[in-house]
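Residues 1 to 174 in full-length UniProt numbering are what the sequence shown spells out, letter by letter. Below is one structure, written out as structure tokens; the observations come after it.
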Amino acid sequence: MIIRALEETDLQFVHHLNNEYSIMSYWFEEPYQSLSELQTLYKKHILDESERRFIIEEDNIRFGVVELVEINFIHRNCEIQIIIDPQYSGKGYAKSAFKMAIDYAFLVLNLNKIYLFVDVNNSKAVHIYESNNFKIEGTLKEHFYTRGSYSDCHVMGLLKKDWHKSENDLSHIK
Numbered sequence: 001m002i003i004r005a006l007e008e009t010d011l012q013f014v015h016h017l018n019n020e021y022s023i024m025s026y027w028f029e030e031p032y033q034s035l036s037e038l039q040t041l042y043k044k045h046i047l048d049e050s051e052r053r054f055i056i057e058e059d060n061i062r063f064g065v066v067e068l069v070e071i072n073f074i075h076r077n078c079e080i081q082i083i084i085d086p087q088y089s090g091k092g093y094a095k096s097a098f099k100m101a102i103d104y105a106f107l108v109l110n111l112n113k114i115y116l117f118v119d120v121n122n123s124k125a126v127h128i129y130e131s132n133n134f135k136i137e138g139t140l141k142e143h144f145y146t147r148g149s150y151s152d153c154h155v156m157g158l159l160k161k162d163w164h165k166s167e168n169d170l171s172h173i174k
């Protein structure tokens, strides 16, 4: 399995993911986006240095997207986000891709901290993040509106000094 830079040819796949209610409710976003809107956003952000978007794939089969966004090169931090196509969930792709993106953030971008927001009720995601040494730094009360009600979310973070790299090989990133 590898992660590779998002290409314009991937937009149909991303469009599919962005319009899945089961996925986007965990991202605290509306599951509605036209392909035209996505193409416009892609062109607008293609040269944006504050984000890195990767496709997760193996043998030319796409499983999901992992993103480093809000990259701040002064404070050396960013937010991380991941989406796995529901038909491939539970197979370990999220955990592996998550680690690959973390390695990229610390080894290539030389960031000091990675953070994320996660619904307190999304125990599967919290488990993946904790298995990658993320710590809950706080809980934001009724911070997001999703599924017809307000949801609490954890802010989780990982400092470079607490990151346990098993290897410095970045060959899994294309």
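Yeah, the Cβ is synthetic: ideal placement off N, Cα and C, and Gly gets one too.
Secondary structure note for Q81: its beta strand (DSSP E) is the uninterrupted segment 77-84.
Residue pairing by DSSP puts A5 in a beta bridge opposite F54. The shortest C-alpha to C-alpha distance from I46 to any of H75, L6, I55 is the one to L6. The distance from the Cβ of E79 to that of L116 is about 6 Å, consistent with a contact at the 8 Å cut-off. If you draw a 10 Å sphere on the C-beta of F73, you find fewer than 16 other C-beta atoms in it, and that means exposed. Taking a C-beta distance under 9 Å as the contact criterion, I102 and I114 qualify as a contact pair.
Among the bridge pairs identified by DSSP, D119 is matched with C153. Considering only E37, H164, S34, K43, the residue with the shortest C-alpha distance to F106 is H164. DSSP places E49 outside both helix and strand once states are collapsed to three, so it counts as coil. Pairing L158 with V118, the inter-Cα distance amounts to about 14 Å. Within the same chain, D10, F13, I55, I56, D85 come within 8 Å of R62 by CB-CB distance, once the 5 residues on both sides are set aside. Here the C-alpha atom of E51 lies approximately 25 Å from the C-alpha atom of Y88. When only Cα atoms are considered, G148 and A125 end up about 21 Å apart.
The C-alpha of E37 lies about 13 Å from the C-alpha of E8.
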